[in-house]
Amino acid sequence: MKTEHILIATSDVFLGPLLQRALQAQGYETTLCETAAAALAQLTGRKAALLIVDLALSDDTGWGLLRQARARGLLAPHATEQGDPCLPVILLSANPLQVWHRAELRPLACLPRLCPLGAVLRLVARACARQRGEQVAHSSALPDTERLASEEWLYA
986 MKTEHILIAT SDVFLGPLLQ RALQAQGYET TLCETAAAAL AQLTGRKAAL
1036 LIVDLALSDD TGWGLLRQAR ARGLLAPHAT EQGDPCLPVI LLSANPLQVW
1086 HRAELRPLAC LPRLCPLGAV LRLVARACAR QRGEQVAHSS ALPDTERLAS
1136 EEWLYA
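With the working numbering as the guide, the letters of the sequence shown map in order to residues 986 to 1141.
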């Protein structure tokens, strides 16, 4: 079985390595980028199955990275209902996200940076299965990302 490649873009010295180790333990191949420029170079040079973006990067915002990727044709809007091919994106943020930001780039999920690691791993597994063309049934075990993103205590 071919291992999916997950690109992680974060400049957080604790979060990045934690995500990388957890995903590698699940059998995924990962690349950790600390800057938007490095992430764009990776997206240009190597196909990824999923992009995990922390909105706080050292050289740009995660929004800037996603806008540049879209402008270069590296990122299509997430549209699972129509079955359009796209690069799924999971956004991580320390602050609540504005609705218009979500509407602009339509990520697979918007999660707080301090969400349970299991929630991220389940979303990654589901997105990769969908990329392989497997049917993915809705599961109550998957995180309700809208509820997670709206709970203010997660950002305290």
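Even glycine gets a Cβ: it sits at the ideal position worked out from N, Cα and C.
Check	Outcome
Paired residues, beta bridge with A1014 - DSSP	Note on residue identity: the sequence assigns Glu, not Ala, to residue 1014. Answer is H990.
Rounded straight-line distance, which links the Cα of L1000 to that of D1039	9 Å
Backbone secondary structure at D1129 - three-state DSSP	Any reading at D1129 is ruled out, since the residue's pLDDT is 47, under 50, leaving its predicted position unreliable.
Beta-carbon contacts of L992 that lie in its chain and below 6 Å, excluding the five residues immediately before and after	T1016, Q1027, A1033 and L1036
L1077 - containing beta strand (DSSP E), residue span	V1074 to S1078
Distance CB(S996)-CB(T1020) smaller than 8 Å	yes
Stretch pair the segment 1003 to 1011 + the segment 1040 to 1053: three plus CB contacts closer than 8 Å	no
Minimum Cβ-Cβ distance from A1104 to chain D less than 8 Å	This model lacks chain D altogether, as it is built from one protein chain only.
Whether V1105 touches P1092 by CB criterion (8 Å)	no
Environment of A994 [buried if 16+ CB atoms lie within 10 Å]	buried
Beta-carbon gap between L1050 and L1090 smaller than 8 Å	no
Exposed unless 16 or more other CB atoms sit within 10 angstroms - verdict on L1099	exposed
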